[in-house]
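Engineer: The listed protein sequences derive, respectively, from chains A and B. Read left to right, the first sequence gives residues 47 to 137 (our numbering). Read left to right, the second sequence gives residues 744 to 1121 (our numbering). First, the structure itself, so that you have it in front of you.
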Amino acid sequence: MTLNLDKPIKFSPLHRLQWEEAQQKDVILYPEGMVELNQSSAEILKCCDGTRNLDQIVSELELKFATSGLKNDITNFLEIALKNGWIQQNQ
Amino acid sequence: MAGSNKTNSTPPRWLLAELTYACPLQCPYCSNPIDYANYQSELSTEDWKRVLSQARKMGAVQLGFSGGEPLTRKDLVELVKHARDLGYYSNLITSGYGMTETKIVQLKEAGLDHIQISIQASSQELNDHIAGTSSFDHKKSVAHLIKKHGYPMVLCVVIHRENIHQMAQILEMAEELGADYLELANTQYYGWAHVNRDLLLPTKEQFQQAEKLAQAFKDRVAGKMKIYYVVPDFYEDRPKACMNGWGTTFLTIAPDGVALPCHSARELPGLDCPNVNDYSIETIWNESRAFNFFRGVDWMKEPCLSCDEKSKDFGGCRCQAYLLTGDMYAADPVCSKSSDRAVIEQAIDSAKTASAISTNEKPLIFRNSKNSKIMTRN
């Protein structure tokens, strides 16, 4: 399974992304499990709303954090996210 | 000494709400206590709401609605709604018995996140025999409805000697039903399973064969279905890291409101497990004798005390140590470093001998109120 560069990316409806006040962290929740996220991973996943593809997510985040050169890091993380089923790419 | 000084504790993350001991099924490996019929009282809706709110405030986020059969509680939808409002991720752990499409929709609207449904075997005859109830076809139709309404689905199959030969068909069934996760739960021998162990414990060869099939299946369905494999600890040489360490992560509330560090803990002597009717969750978690009893490593004896793996498995399971050695401070006898390891070998031999005898000579003892009362009296 590899990331398609053109298709929009959507956070999986079988998972839930939420801020945990007690842990001061964003987490992914799924049946009987939880993954704690660092801030940059959480920011990437919040962009996965099913309207943007990889390049659009990169532009959005580079603009938001007034920086450049994020593409490699974002791609690597989204590959992991796809492998874990946290994100989807529909037709 | 255990329980005399408090160790710095982490907040609970997992709350298991055992809403009721009532269950239309009679599975002979049920994890409910043998004497469950003695606990008739159940927390009220308002009690449960208070418990959920208090635990959530401390940081609990995964919530299991379990039992017994949680669908027998008339206030289930209301409790699910309350849990969703608090931000829990809610798991319904059900036999599927009594589930209807209307209820599935109501629970979804109330905010239920996930349904775990148990099936006892891959054939109707064996499923209905083990469950002690005619339920196979209904369970399968409920599994389809769970997927139809967009829930993630965990299919849970408890594995033992009566169904382990069906492993290939069980895997096929999971795929056919569209399970997102398959939990292959090798029976853990507590409570009812302990009583029936001679009739339930498979041989090592049976385990190895079944595990090989499950491993090949896991590789084939990677990316589509995840496998949760509960290990058969009798055939391991190190114990499980039970409950991720005592009083670190898991909080179980029994139907009558007793708070337990693990769901078997009420079988341990002298713990004085507190009740949510008397104390807040915060007091129970931080201050109670029961939750501090086996926290940290100060309670340990040899060989655990000087073991370099003690922070990995925490000495294994306290309930198993007590059940099999009579000493709840002992190393889990599953460990090859335990001087009591022989009791595990004896259990394996005893089951192997029993498997050669006709089951009519020593039938399974099914989990029901009648048997619970008989066994508690003796």
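Heads up, the beta-carbon is just placed ideally off N, CA and C, and yes, glycines get one too. In this text, all values refer to a predicted model and were calculated from it rather than measured experimentally.
What runs of the beta strand (DSSP E), each 3 residues or longer, lie entirely inside the stretch 920 to 994 of chain B?
Structural biologist: DSSP runs (the beta strand (DSSP E)) wholly in the stretch 920 to 994 of chain B: 924 to 929, 969 to 973.
Engineer: Let's see if you can read the secondary structure: which residues bound the alpha helix (DSSP H) around residue 104 of chain A?
Structural biologist: The residue labelled residue 104 of chain A in the question sits at position 58 within the first sequence. Start and end: 100 to 110.
Engineer: Residues of chain B with CB closer than 9 Å to the CB of residue 66 of chain A, please, in chain order.
Structural biologist: Against the first sequence, residue 66 of chain A aligns to sequence position 20. 802, 804, 830, listed in chain order.
Engineer: Below 7 Å on C-beta distance, what does residue 754 of chain B contact in chain A?
Structural biologist: Residue numbering aside, residue 754 of chain B sits at position 11 when the second sequence is read from its first letter. Near residue 754 of chain B (Cβ distances below 7 Å), the residues of chain A are 68.
Engineer: From what residue to what residue does the beta strand (DSSP E) around residue 1062 of chain B run?
Structural biologist: Taking the second sequence and counting its residues from 1, one reaches residue 1062 of chain B at position 319. Here residue 1062 of chain B belongs to no beta strand (DSSP E); instead the alpha helix (DSSP H) covers 1061 to 1068.
Engineer: Quick test of your reading: residue 885 of chain B and residue 842 of chain B, contact by CB under 8 Å. State the CB separation rounded to the nearest angstrom.
Structural biologist: Your numbering for residue 885 of chain B matches position 142 in the second sequence. Your numbering for residue 842 of chain B matches position 99 in the second sequence. About 5 Å; that satisfies the 8 Å criterion.
Engineer: Verify the CB distance criterion: does residue 969 of chain B have a CB-CB separation below 9 Å to chain A?
Structural biologist: Here residue 969 of chain B is taken as the residue at index 226 of the second sequence, counted from 1. By this cut-off, residue 969 of chain B is an interface position.
Engineer: Give the single residue among B/1061, B/846, B/1078 whose Cα lies nearest to the Cα of residue 1071 of chain B.
Structural biologist: Indexing the second sequence from 1 puts residue 1071 of chain B at position 328. Residue 1071 of chain B has its Cα closest to that of B/1061, out of B/1061, B/846, B/1078.
Engineer: Compute the beta-carbon to beta-carbon distance between residue 927 of chain B and residue 900 of chain B, rounded to the nearest angstrom, for a pair I have assumed lies under 8 Å.
Structural biologist: Here residue 927 of chain B refers to the residue found at position 184 when the second sequence is read from its first residue. Here residue 900 of chain B refers to the residue found at position 157 when the second sequence is read from its first residue. Right, their Cβ atoms sit about 6 Å apart.
Engineer: Inspect the CB distances between the stretch 794 to 813 of chain B and the stretch 897 to 911 of chain B and report whether three or more fall short of 8 Å.
Structural biologist: In short, these stretches do not touch, since the Cβ pair count stays below three.
Engineer: Would residue 81 of chain A count as contacting chain B if we go by Cβ distances under 9 Å?
Structural biologist: Working through the first sequence from its first residue, we reach residue 81 of chain A at position 35. No - not a single Cβ of chain B is within 9 Å of the one on residue 81 of chain A.
Engineer: Given a threshold of 16 other Cβ atoms within 10 Å of its Cβ, counted over all protein chains shown, does residue 59 of chain A qualify as buried or as exposed?
Structural biologist: Numbered from its first residue, the first sequence carries residue 59 of chain A at position 13. Counting Cβ neighbours within 10 Å, residue 59 of chain A comes out exposed, since fewer than 16 surround it.
Engineer: Flag residue 962 of chain B as yes if its beta-carbon sits less than 9 Å from any beta-carbon of chain A, otherwise no.
Structural biologist: As a working mapping, residue 962 of chain B is identified with position 219 in the second sequence. No, no contact with chain A.
Engineer: With a threshold of 6 Å on Cβ separation, who are the neighbours of residue 108 of chain A within its own chain once the five nearest residues in sequence on each side are excluded?
Structural biologist: For the purposes of this step, residue 108 of chain A is identified with residue 62 of the first sequence, where counting begins at 1. Only 114, 116 meet the Cβ criterion.
Engineer: Consider the C-beta atom of residue 1053 of chain B and the heavy atoms of the ligand MG; say whether any pair is separated by less than 8 Å.
Structural biologist: For the ligand MG, the structure offers nothing, since it holds no ligand at all.
Engineer: At what residues does the beta strand (DSSP E) containing residue 861 of chain B begin and finish?
Structural biologist: The count along the second sequence starts at 1 and reaches residue 861 of chain B at position 118. That run of the beta strand (DSSP E) goes 857 to 861.
Engineer: Name, going along the chain, the residues of the stretch 879 to 908 of chain B whose beta-carbon falls closer than 9 Å to a beta-carbon of chain A.
Structural biologist: Cβ contacts with chain A: 893, 894, 895, 896, 897.
Engineer: So what's residue 777 of chain B in DSSP terms, helix, strand or just coil?
Structural biologist: Along the second sequence, one-based indexing puts residue 777 of chain B at 34. Note: residue 777 of chain B maps to coil in three-state DSSP.
Engineer: May I ask you to report which of helix, strand or coil DSSP gives residue 48 of chain A?
Structural biologist: Here the question's residue 48 of chain A lines up with position 2 in the first sequence. Three-state result, residue 48 of chain A: coil.
Engineer: Buried or exposed for residue 50 of chain A, going by 16 or more other Cβ atoms inside 10 Å?
Structural biologist: As a working mapping, residue 50 of chain A is identified with position 4 in the first sequence. Residue 50 of chain A comes out exposed.
Engineer: Below 9 Å between beta carbons: does that hold for residue 898 of chain B and residue 924 of chain B?
Structural biologist: Mapped onto the second sequence, residue 898 of chain B falls at position 155. Mapped onto the second sequence, residue 924 of chain B falls at position 181. Contact: yes.
Engineer: What residues in the stretch 78 to 105 of chain A have a beta carbon less than 9 Å from any beta carbon of chain B?
Structural biologist: Residues passing the 9 Å Cβ filter: 78, 79, 80.
Engineer: Is residue 54 of chain A close to chain B, meaning its C-beta is less than 9 Å from at least one C-beta of that chain?
Structural biologist: Here residue 54 of chain A refers to the residue found at position 8 of the first sequence. Chain B contact via Cβ: absent.
Engineer: So with Cβ pairs under 9 Å, would you call residue 60 of chain A a contact of chain B?
Structural biologist: Position 14 of the first sequence, counted from the first residue, corresponds to residue 60 of chain A. With 9 Å as the cut-off, residue 60 of chain A counts as an interface residue toward chain B.
Engineer: Scan the stretch 803 to 856 of chain B and note each continuous beta strand (DSSP E) run of 3 residues or more that stays entirely inside, going in chain order.
Structural biologist: Listed in chain order, the complete beta strand (DSSP E) runs (minimum 3 residues) inside the stretch 803 to 856 of chain B are 805 to 809, 832 to 837.
Engineer: How is residue 1055 of chain B classed by DSSP in three states: helix, strand or coil?
Structural biologist: Within the second sequence, residue 1055 of chain B is the residue found at index 312, counting from 1. Helix.
Engineer: Spell out whether any CB of chain A is found under 9 Å from the CB atom of residue 862 of chain B.
Structural biologist: As a working note, residue 862 of chain B is residue 119 in the second sequence. Cβ-Cβ to chain A under 9 Å: no for residue 862 of chain B.
Engineer: Suppose you measure from the CA of residue 1052 of chain B to the CA of residue 973 of chain B; what does that come to, to the nearest Å?
Structural biologist: By 1-based counting over the second sequence, the position of residue 1052 of chain B is 309. By 1-based counting over the second sequence, the position of residue 973 of chain B is 230. The straight-line gap from Cα to Cα measures roughly 20 Å.
Engineer: Rounding to the nearest angstrom, what Cα-Cα distance links residue 987 of chain B and residue 1084 of chain B in this structure?
Structural biologist: Counted from its first residue, the second sequence places residue 987 of chain B at position 244. Counted from its first residue, the second sequence places residue 1084 of chain B at position 341. In a straight line, the C-alpha of residue 987 of chain B is about 22 Å away from that of residue 1084 of chain B.
Engineer: Our contact map puts residue 856 of chain B next to residue 62 of chain A with C-beta atoms below 8 Å; I'd like the distance itself, whole angstroms only.
Structural biologist: On the second sequence, position 113 is the one that residue 856 of chain B refers to. On the first sequence, position 16 is the one that residue 62 of chain A refers to. Between residue 62 of chain A and residue 856 of chain B the Cβ distance is about 7 Å, and since that is below 8 Å, they are a contact.
Engineer: Spatial neighbours of residue 993 of chain B within its chain, please: C-beta separation below 6 Å, excluding the five flanking residues on both sides.
Structural biologist: Position 250 of the second sequence, counting from 1, holds the residue named residue 993 of chain B. So the qualifying residues of the chain are 757, 986.
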